[in-house]
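All remarks here apply to the structure that follows.
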Amino acid sequence: MVEDELALFDKSINEFWNKFKSTVSDTSCQMVGLRDTYKDSIKAFAEKLSVKLKEEERMVEMFLEYQNQICRQNKLIQEKKENLLKLIAEVKDKKQELDALTANIQDLKEEYARKRETISTANKANEERLKRLQKSADLYTDRLGLEIRKIYGDKLQFIFTNIDPKHPESPFMFSLSLNEARDYEVSDSAPHLECLAEFQENVCWLKWKPRTTPLGISWAHLKAMEQRPSCFQLLLSSPCSLGEKFRPVV
Numbered sequence: 006m007v008e009d010e011l012a013l014f015d016k017s018i019n020e021f022w023n024k025f026k027s028t029v030s031d032t033s034c035q036m037v038g039l040r041d042t043y044k045d046s047i048k049a050f051a052e053k054l055s056v057k058l059k060e061e062e063r064m065v066e067m068f069l070e071y072q073n074q075i076c077r078q079n080k081l082i083q084e085k086k087e088n089l090l091k092l093i094a095e096v097k098d099k100k101q102e103l104d105a106l107t108a109n110i111q112d113l114k115e116e117y118a119r120k121r122e123t124i125s126t127a128n129k130a131n132e133e134r135l136k137r138l139q140k141s142a143d144l145y146t147d148r149l150g151l152e153i154r155k156i157y158g159d160k161l162q163f164i165f166t167n168i169d170p171k172h173p174e175s176p177f178m179f180s181l182s183l184n185e186a187r188d189y190e191v192s193d194s195a196p197h198l199e200c201l202a203e204f205q206e207n208v209c210w211l212k213w214k215p216r217t218t219p220l221g222i223s224w225a226h227l228k229a230m231e232q233r234p235s236c237f238q239l240l241l242s243s244p245c246s247l248g249e250k251f252r253p254v255v
């Protein structure tokens with residue numbers, strides 16, 4: 006009976022052992038499978054993580070590149086902004102210069118218009134004066150036979166061929182020149198004049214003040230006599246007084 010119990014106990018132990026071995030073997034296989042699965046999972050995760058890290062590195066590189074580009078663009082924009090501000094300032098200065106130049110041109114136009122009007126008025130007055138002077142010149146030439154010649158020493162010689170009604174063909178002449186003081190000087194009258202000193206005084210007086218005569222003598226006309234001898238007839242006063250003014254000494 007004891008043997009039977011021992012045999013049963015031994016059988017039970019063997020069954021338990023076999024069952025335990027089977028369970029441990031299954032568990033070991035499961036552990037190996039789980040380990041392999043874990044390794045595969047870790048490997049796959051590592052690969053995915055590596056890809057993600059590479060992508061993130063590329064993203065960081067791209068971000069840094071974009072950041073550098075933005076910095077360069079900002080620098081260029083700042084430079085262009087400064088250049089634009091300088092250009093605007095130059096344009097303002099040019100505009101001010103243009104405004105000043107325009108105002109100056111307008112002033113010059115107005116001044117030119119005034120001067121043109123003054124010149125036009127003066128030309129008209131000169132035309133009228135020249136007409137009167139030409140009439141006077143014709144009168145002196147016709148009535149007194151006046152002739153003007155340029156002679157030695159830069160002198161002008163005045164010859165009257167009809168100054169003495171008693172002797173119409175008897176000429177009277179005198180010379181006129183500028184002395185060192187730039188005054189007019191009468192000389193070489195033939196025949197000699199009684200009033201030579203008075204005539205000399207009147208001629209010098211003409212340099213400083215226009216004479217009130219029908220001919221309207223002026224200093225500008227006297228200066229013109231150096232180039233235009235025909236203008237020198239303005240030194241005479243009037244045809245009606247020449248017979249007395251320049252009567253030769255008999």
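Position in the sequence shown (first residue = 1) + 5 = our numbering. For each residue, glycine too, the CB sits at the ideal point set by N, CA and C.
In the structure shown, the three-state DSSP call for ALA195 is strand.
Collapsing the DSSP output to three states places LYS171 in coil. With fewer than 16 other CB atoms across the displayed protein chains lying within 10 angstroms of its CB, LEU39 is exposed. Burial state of SER141 is buried, judged by a 10 Å Cβ sphere holding 16 or more other Cβ atoms. Between VAL191 and PHE177, the CB-CB gap reaches or exceeds 8 Å.
Taken atom to atom, the span from the alpha-carbon of THR146 to that of ASN184 is near 28 Å.
For ARG119, the three-state secondary structure derived from DSSP is helix.
For ARG154, the uninterrupted beta strand (DSSP E) segment begins and ends at 151 to 156.
Judged by their CB atoms, PHE179 and ASP193 are nearer to each other than the 8 Å cut-off.
Taken atom to atom, the span from the alpha-carbon of ALA118 to that of ARG134 is near 24 Å.
In its chain, beyond the 5 residues on either side, SER182 have a beta carbon closer than 7 Å to the beta carbon of ASP159. Collapsing the DSSP output to three states places GLU203 in a helix.
Excluding the 5 residues flanking it on each side, GLU152 has same chain C-beta neighbours closer than 6 Å at ILE164, in chain order.
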